[in-house]
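For the sequence shown, my numbering begins at 2 and goes up steadily by one.
In this text, a Cβ means the ideal position worked out from N, Cα and C, and glycines have one as well.
Nothing here was measured: the structure is a model prediction, and the numbers come from that model.
The structure under discussion appears below in the form of structure tokens.
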Amino acid sequence: MKILAIHRFILLLFLLSVSVCFPFLLLAQELPPDHPISLFRQGMEYRRIGDFYRALEFFRAAALKNPAYFDPIFASADLFFQLEEYDEALKMVDTALRLSRSDSSARVLKARILVGMGRFKEASDLYATLLQEEPNNVEARLGKAELDLALGKNRNATLEYLDTLKRFPDNRRALLSLAVLLAQQGNGQEAETYFDAALRTHSDAPIVHYLMGEYYFKQKKFDLAIERALAALSIRPDYPEAHQLLGWISFQKGDYQEAYSRMDRLLALNRSNPMGFYLKALSALRLGRKDEGITLLRSLLTLTPDDEIARITLEDSLRELLSMEDNLRKSYAQYHFDRGDKFQERNLFQRALEEYRRGLQIDPYSKRGRLAYAEIQQKIGFAGYAYNSLEFLKKQNLADRTALEQMEILESILSDRPARRWQFDQFINRKPSISLSLFVDLKSGVLQHGFSELFLARYLSDLLIGFPSIQIPLSPMAVYTFGEAFQEARQRGTDYFILLAFGESAREFSVQGDLFLSRTGGKIGTFSVYRTGNDRVQNALVQVASIVKEKLPLRGQLLKREFESVLVSLGKVDGVKKGDKFWILPSQALTLKNDSFGFVYSPKDILGTFTVTDVDDLLCEGTVAREGFFDRINPGDVVIPFEEQKAKAESAPSAPAPSASILYKKILRIQ
Numbered sequence: 002m003k004i005l006a007i008h009r010f011i012l013l014l015f016l017l018s019v020s021v022c023f024p025f026l027l028l029a030q031e032l033p034p035d036h037p038i039s040l041f042r043q044g045m046e047y048r049r050i051g052d053f054y055r056a057l058e059f060f061r062a063a064a065l066k067n068p069a070y071f072d073p074i075f076a077s078a079d080l081f082f083q084l085e086e087y088d089e090a091l092k093m094v095d096t097a098l099r100l101s102r103s104d105s106s107a108r109v110l111k112a113r114i115l116v117g118m119g120r121f122k123e124a125s126d127l128y129a130t131l132l133q134e135e136p137n138n139v140e141a142r143l144g145k146a147e148l149d150l151a152l153g154k155n156r157n158a159t160l161e162y163l164d165t166l167k168r169f170p171d172n173r174r175a176l177l178s179l180a181v182l183l184a185q186q187g188n189g190q191e192a193e194t195y196f197d198a199a200l201r202t203h204s205d206a207p208i209v210h211y212l213m214g215e216y217y218f219k220q221k222k223f224d225l226a227i228e229r230a231l232a233a234l235s236i237r238p239d240y241p242e243a244h245q246l247l248g249w250i251s252f253q254k255g256d257y258q259e260a261y262s263r264m265d266r267l268l269a270l271n272r273s274n275p276m277g278f279y280l281k282a283l284s285a286l287r288l289g290r291k292d293e294g295i296t297l298l299r300s301l302l303t304l305t306p307d308d309e310i311a312r313i314t315l316e317d318s319l320r321e322l323l324s325m326e327d328n329l330r331k332s333y334a335q336y337h338f339d340r341g342d343k344f345q346e347r348n349l350f351q352r353a354l355e356e357y358r359r360g361l362q363i364d365p366y367s368k369r370g371r372l373a374y375a376e377i378q379q380k381i382g383f384a385g386y387a388y389n390s391l392e393f394l395k396k397q398n399l400a401d402r403t404a405l406e407q408m409e410i411l412e413s414i415l416s417d418r419p420a421r422r423w424q425f426d427q428f429i430n431r432k433p434s435i436s437l438s439l440f441v442d443l444k445s446g447v448l449q450h451g452f453s454e455l456f457l458a459r460y461l462s463d464l465l466i467g468f469p470s471i472q473i474p475l476s477p478m479a480v481y482t483f484g485e486a487f488q489e490a491r492q493r494g495t496d497y498f499i500l501l502a503f504g505e506s507a508r509e510f511s512v513q514g515d516l517f518l519s520r521t522g523g524k525i526g527t528f529s530v531y532r533t534g535n536d537r538v539q540n541a542l543v544q545v546a547s548i549v550k551e552k553l554p555l556r557g558q559l560l561k562r563e564f565e566s567v568l569v570s571l572g573k574v575d576g577v578k579k580g581d582k583f584w585i586l587p588s589q590a591l592t593l594k595n596d597s598f599g600f601v602y603s604p605k606d607i608l609g610t611f612t613v614t615d616v617d618d619l620l621c622e623g624t625v626a627r628e629g630f631f632d633r634i635n636p637g638d639v640v641i642p643f644e645e646q647k648a649k650a651e652s653a654p655s656a657p658a659p660s661a662s663i664l665y666k667k668i669l670r671i672q
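The structure is reproduced here in structure tokens:
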């Protein structure tokens, strides 16, 4: 009886507790849909599935209902931070901090936002204060490591992650961030140690499987990469990054139909996913379905008109797959002609020239493009180029009265230029003096647009061959090792080769490159360019082309000689001007330096000097003076600058450094 009484008493207590709690449970479940808490919960659900914009809509509605409700305001700040809308994120987090000044999470978020804005000193001070007050604040420690990454202080970041793991051995963000950092630095063995540790303790988190799969994919361990991607999808079937990774793997393995089908699944989750459109388009092109591939790329540009890489890919595909007369080529060339007009109106002549030239690469027979190109060339002082462009129209029976009248004016200007006096067609007979090979290092780049490396490299190649001194005899090639590039460059017989690595995040683009002598494989130069904002891809590649052109040594050829007067294959486009002086040497007496840009030759091989007296667009003429008693100067000899060129300063990348910024943005994805 006593035991029965005890059981009845326990049952009574349970019923009483349920009767007390039930109204509150009922209240929590039956809140009206427009209640701030209901709105916040709906926003969090959209945030969970990755629909940030709908989430922000509900967070904003919740905050309007209750301006003192901290949670939706803080959640909005966090989402704006992830969307890289730093100004709005800072405004929201400051609002949250006015509601709860001591909230550690909001203070950490503010510091992270300040890092994103490049306000590193303020962020550093905030982290220092936080860690002094709360030495074991793991979010502050991880944020401090992100700051070090953004500053390019990878060693400091590594130490910060290791110290965090001493205090919190199972922290997922620390384990994954350290693994990604080590993998990026080429330390694969250690990276796998931390990936494995994350997998042991957080096997229920899809991001662990995804990042491991991404790592294995870059190591070309495709079976392991597939295993991890499928594991991520078993936990979260709607995980877009895992679907995309499986698409990348299939594409890399040459299974383009599977990649195409996988992108269909990705787009079924989100019809506006640009990367799904991009890889589906590339897969269609590889399957020989050119019309569908081009249509998909056009759809992507409609969806995201400022997607430069999609535009470059589409334009490259139009040039390769469609006839010269195709209307699509004309349509997309028109885009560049219109941009060129806008730049010209603002007196940005070089930018206008780049646009007109790109448009003519797409539609070479465009009358409108040729006229605009001729006009801008004349404005920047290249009458020969202007005449050549109009002459092309005349040969195609496209020149109107205005063009013919302009040709007459240019005829008068050019009549006393070196090319006319020597009866030498500078645009046909002048040959490039330096040859390059371009390679893309697939293991170093980080691109959102998967498999876009060769399209970017071809765009750079198009820019480089715009310089008449540069020849790129074969298309760019993708490689995984330096050895592949070195061997291929030697077989091609080019003077130099460049190993490129591209970096891309949502709003940033970078190019890093190492320049090597093809004969020996010796590294003789490096560059890095970082751009953000509008036209960042084009601006970065134009800057790279300019850097490469400036680094390459100047070399011309003696084309013709009449007594003391000679014609040489260097002109205004090469920066040559009246009064410049050059050495003359036999072509076989000159070799490229092993350790820097320039030439090696013996002083005893010098045949004489050449002094410029008049300059054309691609040619110059002047007088020669022999060295020694005998006159041994003949056409075919080479000329190089009289004085050794001073080493040009390396192009300093904008802050933050390219590799630092891209790595920092990658680690920000880890939650």
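Per-residue burial, residue i [other beta carbons within 10 Å of its own, 16 or more giving buried]
i: residue 257; result: buried
i: residue 578; result: exposed
i: residue 68; result: exposed
i: residue 264; result: buried
i: residue 667; result: buried
i: residue 411; result: buried
i: residue 325; result: exposed
i: residue 167; result: exposed
i: residue 159; result: buried
i: residue 328; result: exposed
i: residue 601; result: exposed
Beta-carbon proximity check, residue i vs residue j, cutoff 8 Å
i: residue 606; j: residue 587; result: yes
i: residue 142; j: residue 161; result: yes
i: residue 427; j: residue 617; result: yes
i: residue 500; j: residue 484; result: no
i: residue 448; j: residue 505; result: yes
i: residue 230; j: residue 211; result: yes
i: residue 404; j: residue 367; result: no
i: residue 440; j: residue 568; result: no
i: residue 473; j: residue 518; result: no
i: residue 252; j: residue 260; result: yes
i: residue 97; j: residue 114; result: no
i: residue 245; j: residue 213; result: no
i: residue 112; j: residue 127; result: yes
Rounded C-alpha distance that separates residue i from residue j
i: residue 34; j: residue 88; result: 31 Å
i: residue 187; j: residue 216; result: 11 Å
i: residue 174; j: residue 512; result: 28 Å
i: residue 297; j: residue 274; result: 12 Å
i: residue 282; j: residue 236; result: 28 Å
i: residue 649; j: residue 542; result: Here residue 649 scores only 40 on pLDDT, less than 50, and its place in the model should not be relied on; the value that follows carries that caveat. Rounded to the nearest angstrom, the two C-alpha atoms are 19 Å apart.
i: residue 516; j: residue 443; result: 16 Å
i: residue 594; j: residue 469; result: 22 Å
i: residue 628; j: residue 614; result: 19 Å
i: residue 360; j: residue 545; result: 20 Å
i: residue 583; j: residue 181; result: 52 Å
i: residue 530; j: residue 550; result: 15 Å
i: residue 266; j: residue 62; result: 32 Å
i: residue 138; j: residue 224; result: 39 Å
i: residue 269; j: residue 262; result: 11 Å
i: residue 382; j: residue 375; result: 11 Å
i: residue 152; j: residue 55; result: 33 Å
Contact set for residue i: own chain, Cβ-Cβ below 8 Å, skip 5 residues either direction
i: residue 24; result: Unreliable positioning characterises residue 24 in this predicted model, as indicated by a pLDDT of 37, which lies under 50. The coordinate reading is nonetheless provided below. Around residue 24: no qualifying Cβ.
i: residue 596; result: 523 and 525
Neighbourhood of residue i by C-beta, 6 Å cutoff - its chain only, sequence neighbours within 5 removed
i: residue 101; result: 71
i: residue 450; result: 279 and 310
i: residue 354; result: 377
i: residue 140; result: 109
i: residue 179; result: 162 and 195
i: residue 571; result: 557, 577 and 621
Cutoff 7 Å; reference residue i; Cβ partners in own chain excluding five residues on either side
i: residue 314; result: 298, 453 and 456
i: residue 400; result: 391 and 394
i: residue 479; result: 441, 443, 454 and 455
i: residue 79; result: 110
i: residue 169; result: 139 and 175
Segments assigned alpha helix (DSSP H), at least 4 residues, entirely inside the region 150–189: 155–168 and 173–185
Beta strand (DSSP E) runs wholly inside the region 560–615, at least 3 long, in chain order: 566–569 and 582–586
Whole runs of the alpha helix (DSSP H) within the region 73–116, excluding any shorter than 4 residues: 87–100
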